[in-house]
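Peer 1:
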Amino acid sequence: MKLMIVTDAWSPQVNGVVFTLGQTCRELIRMGHQVEVIQPGRFRSIPCPSYPEIRLSLATPGHLRRLIGQYDPDAVHIATEGPLGLVARYSLHRAGRRFTTAYHTRFPEYVQARTRLPVALTYRWLRRFHGAAVRTMVPTAGIREDLIGQGFDPSKVVVWPRGVDLDLFRPGPSPDEPRPPRRDGPVFLYAGRVAVEKNLDAFLGLDLPGEKWVAGGGPTLEAMKARYPKVRFFGPQPHDRLAHYYRMADVFVFPSLTDTFGLVLLEAMACGCPVAALPARSTRDVLGASGAGIAEADLRQACLKALAIPREVAVAHARTFSWTAATQTFLNHLQPFRPEGPPLS
140 MKLMIVTDAW
150 SPQVNGVVFT
160 LGQTCRELIR
170 MGHQVEVIQP
180 GRFRSIPCPS
190 YPEIRLSLAT
200 PGHLRRLIGQ
210 YDPDAVHIAT
220 EGPLGLVARY
230 SLHRAGRRFT
240 TAYHTRFPEY
250 VQARTRLPVA
260 LTYRWLRRFH
270 GAAVRTMVPT
280 AGIREDLIGQ
290 GFDPSKVVVW
300 PRGVDLDLFR
310 PGPSPDEPRP
320 PRRDGPVFLY
330 AGRVAVEKNL
340 DAFLGLDLPG
350 EKWVAGGGPT
360 LEAMKARYPK
370 VRFFGPQPHD
380 RLAHYYRMAD
390 VFVFPSLTDT
400 FGLVLLEAMA
410 CGCPVAALPA
420 RSTRDVLGAS
430 GAGIAEADLR
440 QACLKALAIP
450 REVAVAHART
460 FSWTAATQTF
470 LNHLQPFRPE
480 GPPLS
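Counting from 140, one number per residue, gives the positions in the sequence shown under my numbering.
1) Going by CA-CA distance only, name the one from Asp304, Pro394 and Thr422 that's closest to Ala465.
2) Taking Cβ positions, are Val386 and Cys410 nearer each other than 7 Å?
3) With Gly281 as the anchor, note down where its alpha helix (DSSP H) starts and where it stops.
4) Can you list, in chain order, the residues of its chain with a C-beta nearer than 8 Å to that of Asp346? Leave out the 5 residues immediately preceding and following it.
5) From the DSSP output, in three-state form, read off Thr240 for me.
6) What residue does the alpha helix (DSSP H) around Glu451 start on, and which one ends it?
7) Can you check whether the CB of Phe460 is closer than 7 Å to the CB of Leu396?
8) Considering only C-alpha positions, which residue in the set Asn154, Leu160 and Ala388 is nearest to Trp462?
9) Among Gly180, Leu402 and Thr146, which has the Cα closest to the Cα of Cys164?
10) Buried or exposed: where does Ile168 fall if 16 or more other Cβ atoms within 10 Å of its Cβ makes it buried?
11) Can you tell me the Cα-Cα spacing of Ala280 and Ala431, whole angstroms?
12) Tell me Gly432's beta-bridge partners as DSSP assigns them.
13) Since Met143 and Val215 should fall inside the 8 Å C-beta cutoff, what is the C-beta to C-beta distance between them, to a whole number of angstroms?
14) If we define contact as Cβ-Cβ less than 7 Å, is Pro368 a contact residue for chain B?
15) Look up Glu361 in the DSSP assignment and say whether it is helix, strand or coil.
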């Protein structure tokens, strides 16, 4: 199959969407498929006003029509709702072509956290964006229910799960792993983007024994360092380096209420680190009834209870997630172009 993926999120950005798409592309190629990625680096772009490391593409419908026509894909998947996604949706919908979309990010909640724009307005726009697709893929059954509750067509919203790299994220330590820093009591770790929508104050403000660690960068990193001088901030880390921190930590703390999945949950558990989290829908979906983590409204109690979870329980649950199986589900959800309709070039 010749597949085209259109995405506003791509390297050098560091986030769950980029990682998911990268892993999926690698699996697709391994399975023998051809993949063409249309991403901001192929066009003139400008920095996002509130997030300069994210580039906003200035591609036009003409650009997209030419690229799609030249590649002549069997299927097109629009992964994001940004400028590139909008242009691709417009071009394909106008030409009467079939395509799929994905809902990777709780965009309305992210926007509200940054601008106070009511979520109802953003969901109305998202319904229109995704309504033109044959199918919209979401990471969990809970997120599917949430979108249906917001007026999305139940017949179009399907689950595309995620996986974890068990070769990289595994109990350790590795032979070449550096010695861990000195620690005073248990270590409670957060790894990921340091941004307002991650709700880090709910974790860093807790009275917990031992130490709090943060591995990751983002727009609020310096402000967080100033606000919490006793927290150990390790800054941005290469993805393969995160396994080192997961293995050293006693509990992985996930205070986010806006993530649609949380790949870091799987990575931490695969390294043997139990999870403490707030009871967001997506987090409950990932943990299920595994006993590998605690998700409750009192995050401090969740952290303390998670200390008692055997590390092998976390590892066993993470091993039930596979990128190969997730990618096969993605393939099953794709829809081919209709042969009728005007040419794209």
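The C-beta atom is built at its ideal place from N, Cα and C for all residues, glycine as well.
Peer 2: Here's the rundown:
1) Asp304
2) The amino acid at residue 386 is misidentified as Val; the sequence shows Arg. Their beta carbons are under 7 Å apart, which means Arg386 touches Cys410 by this criterion.
3) Ala280 to Gly288
4) Arg439
5) strand
6) Arg450 to Ala457
7) no
8) Leu160
9) Thr146
10) exposed
11) 19 Å
12) Val414
13) 5 Å
14) Considering every chain present, this structure includes no chain B. It has just one protein chain.
15) helix
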